[in-house]
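Chains as they are written, first to last, in this note's numbering: chain A, 2 to 363; chain B, 2 to 279.
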């Protein structure tokens, strides 16, 4: 029968087309693009142009991925924030949740944050001071130069070819620690948009790891005028509005800063080493066992009545050395060492450097 | 084809009688009744549950939902599309061919002066009408329930903006249309299974069971290469219609994915129908 054959042929073609269609949907678009050809530029010129760049009107998607080697993914909810800018220091960003969203709107005089899950708006009127120029308080070009000078003391900075980020051609700026530096980090790569000079991608690569330990990038970016309505916010009906103003702030801030200073001086925070090897060493108030007692003492109920030592044991590795005994927590980019007598050392360095740092602090 | 080809039955009459068959079945009516009650109970229930929570100045996700004539239909659709709507769709598809086969009535239909392709088209039409009708009814009841509970000025999006009624209605229409296409994809696959077996329960078990397996597979990170092939992969993104501005990307991908499933499902059903022994 002829109709039967035709029908079978149509059916076969249909199944094939459907499967191919699913396959096309599964492949991310534009995966294998060759790196663009761009006029060459020195690292100095590139850094200076980035420092001078103004954020243009744009909308895009930002994703962040980490591969730090921690038991939990810290950036899990952050893989598709959407951002908008109008080119005049008004911004909007949304961080979608599964069935919720957090929105941040900077309308030039007020910073609004909205949390749909809590149905709450926070309103922070700050006047005109939140512009990047004011925050820096310095000529951006000099700032760029100063920064580059500081970084160059410990690292090699160069422009390493080009890349395509969110379909836009970009320069890759690479900061590599000098060979004498004993850090866990291999390099930091920043892709800079060739046209707007916006940083489009930041990658932190650790030693012995092919995938970046940390990657923040634009997955989509369109430069062009945006709807002005995006940069306004009116609290919805029935939402709780919390207000924060600058009037009451200096007082609180000073108080907060003092509290922080007390805490920090109590910690006896010191830095050992410089550049990439910088290690922070602190002394906790009391040793681990007394802290355990404290946690028990001010604990309300059984929830806080936990065994700190067993907690440390479950996350860290028990070690001993000239400092006594302690626990080491290692990730791909940083190591922390907590001793049982309450000393803490943290840095983007291997365990050995932390041990030496502990030895230098009495 | 012989020259004595019998007169073709008018297609409209066939479609009408197919629908009459479907809507006369008590199980169809019971399921539709449950679907109609669901949004009302959901809306009122969340209001009752929410009252003490809101007194504390806090509000849960579900609570924010019911206070909104736009969110209620979308959340109701997103919860019914994972079970009740596929159930109704699959039930109709399993009755359409496997059910007829198990009663021995399919033989008559295959021998009748209706080509098998037309027979499949009539059955596909019946399944499509039932799933679309169920989705539209559920969304409409939820929308009206939301309007009665919260009034027309409360169309707050996830992003904190308040939409005019027409925009809110448009979002609900988009969500409903999108769910209908997803259900048509389920219906296409169910009809293909239905054409291949004489046991209606096997259709139900394989399609509904398949959906659960898909849900399971999509929660296994190692299989992430497989995830874009699962139809359930984009079902979460129905709530994107509640964001402002509305991100179309995932909805479009989900729509295209459903189209692929529809093409595959009906192609398989067609192949099975024309090779079936009468």
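From the three backbone atoms N, C-alpha and C, an ideal C-beta is built for every residue, glycine too.
All of these numbers come straight from a predicted model, not from anything done at the bench.
Using the three-state DSSP reduction, which class does residue 49 of chain A fall into: helix, strand or coil?
As a first step, residue 49 of chain A is located in the first chain; it is residue number 48 there, counting from the start. In this structure, residue 49 of chain A counts as helix in the three-state DSSP scheme.
Helix, strand or coil for residue 167 of chain A, going by three-state DSSP, please let me know.
Along the first chain, read from residue 1 onward, the residue named residue 167 of chain A stands at position 166. Correct three-state label for residue 167 of chain A: coil.
Output yes or no for whether 8 angstroms exceeds the beta carbon distance between residue 178 of chain B and residue 132 of chain B.
Here the question's residue 178 of chain B lines up with position 177 in the second chain. Here the question's residue 132 of chain B lines up with position 131 in the second chain. No, these two residues do not count as a Cβ contact at 8 angstroms.
Chain A within 8 angstroms of residue 126 of chain B, Cβ atoms only
Translated into the one-based positions of the second chain, residue 126 of chain B becomes position 125. Chain A contact via Cβ: absent.
Excluding sequence positions up to five away, which residues of its chain have a Cβ less than 7 angstroms from the Cβ of residue 361 of chain A?
To locate residue 361 of chain A, count along the first chain from 1; it is residue 360. Closer than 7 angstroms at Cβ, skipping near neighbours: 273.
Find the nearest neighbour of residue 124 of chain B within the set B:143, B:145, B:96, judged by alpha-carbon distance.
Locating residue 124 of chain B in the second chain gives position 123, where the first residue counts as 1. Looking only at B:143, B:145, B:96, the smallest Cα-Cα distance to residue 124 of chain B is reached by B:96.
My assumption, with CB atoms under 8 angstroms, is that residue 271 of chain B sits in contact with residue 10 of chain A. Please give the rounded CB distance.
Here residue 271 of chain B is taken as the residue at index 270 of the second chain, counted from 1. Here residue 10 of chain A is taken as the residue at index 9 of the first chain, counted from 1. With a beta-carbon spacing of about 10 angstroms, residue 271 of chain B and residue 10 of chain A fall beyond the 8 angstroms limit used to define contacts.
Distance between residue 155 of chain B and residue 74 of chain B (C-alpha atoms, nearest Å)
As a working mapping, residue 74 of chain B is identified with position 73 in the second chain. As a working mapping, residue 155 of chain B is identified with position 154 in the second chain. Roughly 14 angstroms between the two C-alpha positions.
Could you spell out where the alpha helix (DSSP H) holding residue 19 of chain B opens and where it closes?
To locate residue 19 of chain B, count along the second chain from 1; it is residue 18. 12 to 25 is the span of the alpha helix (DSSP H), which, as asked, contains residue 19 of chain B.
Do the region 12 to 26 of chain A and the region 121 to 128 of chain A touch if we need at least three Cβ pairs shorter than 8 angstroms?
No, because fewer than three Cβ pairs between the region 12 to 26 of chain A and the region 121 to 128 of chain A fall closer than 8 angstroms, the two stretches do not touch.
Check for me: the alpha helix (DSSP H) holding residue 101 of chain B runs from which residue to which?
What you label residue 101 of chain B is simply residue 100 of the second chain in a count that begins at 1. Where residue 101 of chain B is concerned, the enclosing alpha helix (DSSP H) starts and stops at 101 to 104.
Compare the beta carbon distance of residue 182 of chain B and residue 135 of chain B with 8 angstroms and say whether it is the shorter of the two.
Position 181 of the second chain, counted from the first residue, corresponds to residue 182 of chain B. Position 134 of the second chain, counted from the first residue, corresponds to residue 135 of chain B. No, the Cβ-Cβ distance between residue 182 of chain B and residue 135 of chain B is not below 8 angstroms.
Suppose the cutoff is 7 angstroms on Cβ atoms and the five residues either side in sequence are ignored; what does the same chain contact list for residue 91 of chain A look like?
Counted from its first residue, the first chain places residue 91 of chain A at position 90. The answer, listed in chain order, is 107, 108, 109, 232.
Endpoints, beta strand (DSSP E) assigned at residue 272 of chain A
Residue numbering aside, residue 272 of chain A sits at position 271 when the first chain is read from its first letter. Per DSSP, the continuous beta strand (DSSP E) segment holding residue 272 of chain A begins and ends at 271 to 273.
For residue 272 of chain B, decide whether its Cβ has a neighbour in chain A, counting only Cβ atoms nearer than 8 angstroms.
For this step, residue 272 of chain B is matched to residue 271 along the second chain. Interface residue, yes.
Can you list, in chain order, the residues of the region 24 to 46 of chain B whose Cβ is nearer than 7 angstroms to any Cβ on chain A?
Going along the region 24 to 46 of chain B in chain order, one finds no residue with a Cβ nearer than 7 angstroms to chain A.
Return helix, strand or coil for residue 250 of chain B, following the three-state DSSP convention.
Residue 250 of chain B sits at position 249 when you count from the first residue of the second chain. Helix, per DSSP.
Under 6 angstroms Cβ to Cβ from residue 66 of chain A, same chain only, skipping five residues before and after it: list those, please.
For the purposes of this step, residue 66 of chain A is taken as the residue at position 65 of the first chain. If we look at residue 66 of chain A and ignore the five residues flanking it on each side, its Cβ neighbours are 216.
Candidates A:62, A:6, A:17: closest to residue 266 of chain B by CA position:
Taking the first residue of the second chain as position 1, residue 266 of chain B is located at position 265. With distances taken between Cα atoms, residue 266 of chain B lies closest to A:17.
Give a yes or no on whether the minimum CB-CB distance between residue 154 of chain B and chain A is below 8 angstroms.
Locating residue 154 of chain B in the second chain gives position 153, counting from the first residue. Chain A, which has a Cβ nearer than 8 angstroms to the Cβ of residue 154 of chain B, makes this yes.
Distance, residue 20 of chain B Cα to residue 145 of chain B Cα
On the second chain, residue 145 of chain B is found 144 positions in, with the first residue counted as 1. On the second chain, residue 20 of chain B is found 19 positions in, with the first residue counted as 1. Residue 145 of chain B and residue 20 of chain B: Cα-Cα distance of roughly 27 angstroms.
Near residue 236 of chain A, what residues of its chain come up, given a Cβ to Cβ distance below 7 angstroms and the 5 sequence neighbours on each side ignored?
To locate residue 236 of chain A, count along the first chain from 1; it is residue 235. Taking C-beta separations shorter than 7 angstroms and ignoring five residues to either side along the sequence, the partners of residue 236 of chain A in its chain run 122, 242, following chain order.
Flag this pair as yes or no: are the beta carbons of residue 191 of chain B and residue 106 of chain B separated by less than 8 angstroms?
Numbered from 1 along the second chain, position 190 holds the residue referred to as residue 191 of chain B. Numbered from 1 along the second chain, position 105 holds the residue referred to as residue 106 of chain B. In this structure, residue 106 of chain B does not lie closer than 8 angstroms to residue 191 of chain B by Cβ.
Give the straight-line distance between the Cα atoms of residue 262 of chain B and residue 268 of chain B, rounded to the nearest whole angstrom.
Here residue 262 of chain B refers to the residue found at position 261 of the second chain. Here residue 268 of chain B refers to the residue found at position 267 of the second chain. Rounded to the nearest whole angstrom, the CA to CA distance from residue 262 of chain B to residue 268 of chain B is 10 angstroms.
If you measure from the beta carbon of residue 165 of chain B to each beta carbon in chain A, is any gap under 8 angstroms?
For this step, residue 165 of chain B is matched to residue 164 along the second chain. It does not: the Cβ of residue 165 of chain B has no partner Cβ on chain A nearer than 8 angstroms.
Is it the case that the Cβ atoms of residue 180 of chain B and residue 78 of chain B are separated by a distance below 8 angstroms?
Reading the second chain from its first residue, position 179 is the one you call residue 180 of chain B. Reading the second chain from its first residue, position 77 is the one you call residue 78 of chain B. Contact flag set, yes.
Are residue 36 of chain A and residue 198 of chain A close, meaning C-beta to C-beta below 8 angstroms?
In the first chain, the residue the question calls residue 36 of chain A occupies position 35. In the first chain, the residue the question calls residue 198 of chain A occupies position 197. Going by beta carbons, residue 36 of chain A and residue 198 of chain A fall outside the 8 angstroms limit.
Beta-carbon neighbours of residue 115 of chain A, restricted to chain B and to distances below 8 angstroms
Against the first chain, residue 115 of chain A aligns to sequence position 114. Those are 160, 161, listed as they occur along chain B.
In the region 232 to 244 of chain B, which residues sit with their C-beta less than 7 angstroms from some C-beta in chain E, listed in chain order?
Although the question refers to chain E, the structure presented lacks it and instead comprises the protein chains A and B.
Quick one: what does DSSP say residue 342 of chain A is sitting in, helix, strand or coil?
Here the question's residue 342 of chain A lines up with position 341 in the first chain. The answer is coil: DSSP assigns residue 342 of chain A none of H, G, I, E or B.
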